[in-house]
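In UniProt numbering, the protein residues as written are 1 to 354.
From the three backbone atoms N, C-alpha and C, an ideal C-beta is built for every residue, glycine too.
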Amino acid sequence: MADTELPEYSPRPIQPRLTDTNPFKCQHKLHLENNKGRVWITLLINSRSQNPSNMPLFFDQDVISGEVHLDLDRPENIKGLTITLSAGTTAVGQEEELFLNETSPLWSPHSSSKISGTHTWPFSITIPAETSLSLSNKTASTRYPLPPSFSERASPAYIDYKLTVTIRRGAFRVNQTLSTSFVHLPRSVAEPPSALRALAYREGTPLLAPEVDPDGWKVLPAKNITGTLFAARSPEVRCTLAIATPVTYASDSPVPLILTFQSTDAQALDLLASKPSVELIRIVAIGSGASDEAVPRRSNNTFYSTIARAAFFPSEDIGKTGKITLQGELHVPKGIKSSFTFPRLSLKVRISFE
Numbered sequence: 001m002a003d004t005e006l007p008e009y010s011p012r013p014i015q016p017r018l019t020d021t022n023p024f025k026c027q028h029k030l031h032l033e034n035n036k037g038r039v040w041i042t043l044l045i046n047s048r049s050q051n052p053s054n055m056p057l058f059f060d061q062d063v064i065s066g067e068v069h070l071d072l073d074r075p076e077n078i079k080g081l082t083i084t085l086s087a088g089t090t091a092v093g094q095e096e097e098l099f100l101n102e103t104s105p106l107w108s109p110h111s112s113s114k115i116s117g118t119h120t121w122p123f124s125i126t127i128p129a130e131t132s133l134s135l136s137n138k139t140a141s142t143r144y145p146l147p148p149s150f151s152e153r154a155s156p157a158y159i160d161y162k163l164t165v166t167i168r169r170g171a172f173r174v175n176q177t178l179s180t181s182f183v184h185l186p187r188s189v190a191e192p193p194s195a196l197r198a199l200a201y202r203e204g205t206p207l208l209a210p211e212v213d214p215d216g217w218k219v220l221p222a223k224n225i226t227g228t229l230f231a232a233r234s235p236e237v238r239c240t241l242a243i244a245t246p247v248t249y250a251s252d253s254p255v256p257l258i259l260t261f262q263s264t265d266a267q268a269l270d271l272l273a274s275k276p277s278v279e280l281i282r283i284v285a286i287g288s289g290a291s292d293e294a295v296p297r298r299s300n301n302t303f304y305s306t307i308a309r310a311a312f313f314p315s316e317d318i319g320k321t322g323k324i325t326l327q328g329e330l331h332v333p334k335g336i337k338s339s340f341t342f343p344r345l346s347l348k349v350r351i352s353f354e
């Protein structure tokens, strides 16, 4: 069975979030020093991170707030200060392509005089929910939800978010920048199970079959498997996979499965049912066609990895002649990124049954 025929693991639409008293309790501090080792500009950022030594963390549509401190021991000719929220995709060996670049002024001089002393400018920047992109000069722009940060060892592509303070020095002088990358993590919430499956969880009873709880399962189209057994005969086995609905699952949680084999050939039935293979597959697509499902997938633009394998055990109706039913679970690993579709880098998480 091709994995493209099976449902994706994906986030549900953004839901209204509960209000946290103060989720931005962590303060990150960055600075620049002059040639004497004296700190002259400092960037303070408040984030959701658990530790100041970690990268700043923000959820979708968060407000990034903080302060910029300037401490000059002598008058300097500064033409202005700005703060920029930017994000871009980078394929290995290529330049970054920005999909977000928003600049806000912090300070502009009112005259040609130099600035000196100590100054503080607060800032507040809202992370937008979407961005508008065109894949080429010949196509219209399309709105895309902002993707999550994506940076992994040996990854073929990256998605990086940055906050940058720019100190403009004027003509013939090099501007100076103070910047930091941060983690952007769009949130999604797994939908609740069906009423009957929720009842089974509460009472600690076995999950009901799709025939009894049709709202609790997505039954995939049955597949007929044929082959040669012991070089003597070619039996046919009918396989059906049912996946617990709704097909949105929380990180670090199990996905209930029911796998059914039917055949008049007992040996073929036992052989196929002895080692079923159901996996959670991650697919990373890069390049100009990453967001287009119709673009052919090749080894240089699509990368597959197995992130979890299902475990199965016989169900209570194993005594039925010509039929074997297995119940199982596929554990969604903790910290797994949800599926997202974005130009130049997309990620899909799918269930594959071979």
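For Gln50, there is no enclosing beta strand (DSSP E), as DSSP gives it neither H nor E.
With a contact defined as Cβ atoms closer than 8 angstroms, Ala250 and Pro193 miss out at about 11 angstroms. Going by C-alpha positions, Arg187 is about 31 angstroms away from Leu208. In this structure, Leu43 lies near Leu178, with their beta-carbon atoms less than 7 angstroms apart.
When the alpha-carbon of Lys25 is set against those of Leu32, His31, Gln50 and Glu33, the nearest one is in Gln50.
Annotation: Arg309 to Phe353 spans about 10 angstroms, alpha carbon to alpha carbon.
With a cut-off of 8 angstroms on Cβ pairs, the segment 59-73 is in contact with the segment 107-127, counting three or more such pairs.
In the DSSP annotation of this structure, the continuous segment of the beta strand (DSSP E) that includes Glu97 starts and ends at Glu97 to Trp107. Relative to Val349, the option among Thr325, Thr302 and Phe312 whose CA is nearest is Thr302. Cβ contact annotation for Glu33 (same chain, cutoff 6 angstroms, sequence separation greater than five): Val39, in chain order. For Asp160, the enclosing beta strand (DSSP E) has its first and last residue at Ala157 to Arg168.
With respect to the 7 angstroms criterion, Ala285 and Ser338 are not classified as neighbours on the basis of their beta carbons. Counted as a single uninterrupted DSSP element, the beta strand (DSSP E) harbouring Glu329 occupies residues Lys323 to Val332. For Ser305, the enclosing beta strand (DSSP E) has its first and last residue at Thr302 to Arg309. Asn46 is classed as buried because its beta carbon has at least 16 other beta carbons within 10 Å across all chains shown.
With a cutoff of 7 angstroms on beta-carbon distance, His28 and Pro56 are scored as near each other.
Asp270: member of the alpha helix (DSSP H) spanning Ala266 to Ser274, first to last residue.
With a 10 Å radius around the Cβ and a threshold of 16 neighbouring Cβ atoms, Pro210 comes out buried.
Counting every other CB atom within 10 Å of its CB across the protein chains shown gives Asp252 a total below 16, marking it as exposed. The DSSP-derived three-state label of Gly216 is helix.
Just so you know, the alpha carbons of Ile336 and Pro52 end up roughly 23 angstroms apart.
Taking each of Ile167, Ile127, Thr131 and Arg153 in turn and checking the Cα distance to Phe182, the smallest one comes out for Ile127.
For Tyr201, the enclosing alpha helix (DSSP H) stretches over residues Ala195 to Glu203. Going by DSSP, Ala91 is part of the beta strand (DSSP E) stretching over Gly80 to Ala91. In the three-state reduction of the DSSP assignment, His110 falls in the coil class, being assigned neither a helical nor a strand state. Taking each of Gly216, Thr260, Glu102 and Ala290 in turn and checking the Cα distance to Ile64, the smallest one comes out for Glu102. The residues Glu67, Val68, His69 and Leu70, in chain order, have a CB closer than 8 angstroms to that of Thr120 in the same chain once the five nearest residues on each side in sequence are set aside. Only residues of its own chain outside the window of five on either side were considered, and among them Thr226, Gly227 and Thr228 have a CB closer than 7 angstroms to the CB of Ser234, listed in chain order. Of the residues Gln327, Arg297, Ile283 and Ala242, the one whose Cα lies closest to the Cα of Pro206 is Gln327. In the three-state scheme derived from DSSP, where H, G and I count as helix and E and B as strand, Gln262 is classed as strand. Burial check for Pro147: the Cβ neighbour count within 10 Å reaches 16 or more, so the residue is buried. Where Ala244 is concerned, the enclosing beta strand (DSSP E) starts and stops at Glu236 to Ala244.
Thr264 sits exposed, since fewer than 16 C-beta atoms from the chains shown fall within 10 Å of its C-beta.
As the crow flies, the alpha-carbon of Pro105 is around 11 angstroms from that of Ser124.
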